[in-house]
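Per my numbering, the sequence shown starts with residue 45, numbered consecutively.
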Amino acid sequence: MTSSNEMRDASHARDASHDPGPATAAARAEHVTRAAVAPVITPSSMVRFGTAGWTDRTLTAPGVFYPPNATSAEARLRYYATRFSIVEVDATYYALPSRQMAMLWAQRSPDDFVFDVKAHALMTGQPSEVARLPADVRAALPATLASKPRIYTKDLPPELQDAIWTIFLDALEPLRRAGKMGSILLQYPRWFGPGRTSRELIRDARDRLGSWTGAVELRNARWFTAADRDRTLSLLAELELPFVMVDAPQGTGSSVPPIVAVTAPSLAVVRFHGRRVETWEAPGVGVAERFRYLYDRDELEEWVPRLREVAREARNVHVIMNNCYANYGTTNAAELAALFGAAYASS
45 MTSSNEMRDA
55 SHARDASHDP
65 GPATAAARAE
75 HVTRAAVAPV
85 ITPSSMVRFG
95 TAGWTDRTLT
105 APGVFYPPNA
115 TSAEARLRYY
125 ATRFSIVEVD
135 ATYYALPSRQ
145 MAMLWAQRSP
155 DDFVFDVKAH
165 ALMTGQPSEV
175 ARLPADVRAA
185 LPATLASKPR
195 IYTKDLPPEL
205 QDAIWTIFLD
215 ALEPLRRAGK
225 MGSILLQYPR
235 WFGPGRTSRE
245 LIRDARDRLG
255 SWTGAVELRN
265 ARWFTAADRD
275 RTLSLLAELE
285 LPFVMVDAPQ
295 GTGSSVPPIV
305 AVTAPSLAVV
315 RFHGRRVETW
325 EAPGVGVAER
335 FRYLYDRDEL
345 EEWVPRLREV
355 AREARNVHVI
365 MNNCYANYGT
375 TNAAELAALF
385 GAAYASS
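Listed below in structure tokens is the structure:
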């Protein structure tokens, strides 16, 4: 019989294998390739690999990913774009972007580079800090809302809800004009469960996006019960909204299973959140700590046949590593790209 000490030691060993530190992750990345991770071109699709963000403090720390001379925002994006062909912008979830910001992103990246951009919190029913809203939006808030530290979309007057979408989409026009705009990630909160109201909110988002490409990530397992799974995927297919496939910790209320489903022929999105169950729903845990997980080779290989299936059905595939602690995401993005590319080269 296994003793409690042996079980604890085994647990620590598993944790260490998935959190070995930046030096070990860097060595793994070097072992894969020193070259840029170019898109993998399949007979029916272009598959891009990248990470969720490029400015996390654990990633920009000296010696982790960037060369010593990459100390400015411009230098870091330019360097990142020599290593990967896509990045997901997460900062827009917390603060509305500006045209100037999007223009600089476009200027500082190669012609064939792509940005996926996360929708602002108020676009998916989540709370936003009032202090981080633009001054004109704050000035237009009713007094009862302006005095609060955080507000929800449901509390806003309709004209301010419209304004949030208008400001967000207008700001991204420089990326769209440059041909570098990927999808707008509509990441709904874990309390956003299946039902008529939720489905209508997704329809409303589709209408507001107009000609922009959106992608929907759901974080409530009830969308994928036997009673609701087909209805969920059918709704997204009807709206031609890509269903965001995920690899995430399992066993919680927000644990979406690793379903492979393409609901829009133009684009499929796959996001990897790590498998750190103990921090997935823990309150007060920082973003980098929540997703602090380095996938091993076997875990990445599980996704190679799944990605091949996806690539047969979607013209573009965006694979985003959101295990954004230090260089864990950049390492796993390079490793998975190498595994996927090798699978096509050998077939």
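C-beta: ideal position from N, C-alpha, C; glycine also.
Item, Value
"Taking Cβ positions, are residue 260 and residue 289 nearer each other than 8 Å?", "no"
"Identify which residue in 331, 371 and 317 has its Cα closest to the Cα of residue 364.", "317"
"Between the Cα of residue 137 and the Cα atoms of 167, 68, 308 and 344, which residue gives the shortest distance?", "167"
"Would you call the region 125 to 141 and the region 84 to 97 in contact, with 3 or more CB pairs under 8 Å?", "yes"
"How do the region 170 to 184 and the region 193 to 208 stand: do at least 3 beta-carbon pairs fall below 8 Å, yes or no?", "yes"
"With a threshold of 8 Å, are at least 3 pairs of Cβ atoms found where one atom belongs to the region 96 to 113 and the other to the region 364 to 378?", "yes"
"Please indicate yes or no: does the CB of residue 68 lie closer than 7 Å to some heavy atom of the ligand ZN?", "You won't find the ligand ZN in this model; it holds no ligand whatsoever."
"As an exercise, report each continuous beta strand (DSSP E) stretch of at least 3 residues that is fully enclosed by the region 148 to 189, in chain order.", "158 to 162"
"Whose C-beta lies closer than 7 Å to the C-beta of residue 323 among residues of the same chain, with five residues either side of it excluded?", "329, 333 and 334"
"On the criterion of 16 or more Cβ atoms from any shown chain inside 10 Å, does residue 293 qualify as buried, or is it exposed?", "buried"
"In chain order, which alpha helix (DSSP H) runs of at least 4 residues are fully inside the region 205 to 267?", "217 to 221 and 240 to 253"
"For residue 95, name the three-state secondary structure that DSSP assigns.", "strand"
"Secondary structure at residue 35, three-state DSSP: helix, strand or coil?", "With the chain running from 45 to 391 in the structure shown, residue 35 is simply not present."
"Over what stretch of residues does the beta strand (DSSP E) that includes residue 291 continue unbroken?", "288 to 291"
"In or out: residue 165 buried (at least 16 other Cβ within 10 Å) or exposed?", "buried"
"Can you list, in chain order, the residues of its chain whose CB lies under 8 Å from that of residue 342, leaving out five sequence neighbours each side?", "none"
"Hey, could you find the ends of the alpha helix (DSSP H) residue 384 is sitting in?", "372 to 389"
"Can you tell me whether residue 75 is buried or exposed? The criterion is at least 16 other CB atoms within 10 Å of its CB, across all chains shown.", "exposed"
"Residue range of the beta strand (DSSP E) that residue 312 falls in?", "312 to 316"
"Under 8 Å, do residue 272 and residue 263 count as touching if we go by C-beta distance?", "no"
"Smallest Cα separation from residue 340: which of 350, 306, 319 and 327?", "319"
"Do residue 161 and residue 216 have their C-beta atoms within less than 8 Å of each other?", "yes"
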